[in-house]
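Quick note on this note's numbering: the sequence shown kicks off at 5 and runs consecutively.
The beta-carbon is built from N, C-alpha and C at its ideal position, and this holds for glycine as well.
Predicted model, so just to flag it, every value in this text is computed and none were measured.
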Amino acid sequence: SSASILTSGLLGEQYIGLDAGGDSVKLKANDRILITQDAVVLENLIGRFLYDKAQEGTPQ
5 SSASILTSGL LGEQYIGLDA GGDSVKLKAN DRILITQDAV VLENLIGRFL
55 YDKAQEGTPQ
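So this is what it looks like as structure tokens:
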């Protein structure tokens, strides 16, 4: 099984998405999910894009 932090829409609320995977053994109460993915923070991506664009216009 795997867990991902997902966003509802472009700027919507975040939620945890679960994927059952192909393992024949099911998760039980208090089991841990070992495979996870970090959330993509849109504001960080936009900030990095704008910073990179600003650097392109700066003379070396």
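One thing to note: S6 has its Cβ within 8 Å of the Cβ of G25. Under the three-state reduction of DSSP, D23 is assigned to strand.
In the three-state scheme derived from DSSP, where H, G and I count as helix and E and B as strand, A58 is classed as helix.
At a Cβ-Cβ threshold of 8 Å, I9 and D35 do not count as neighbours.
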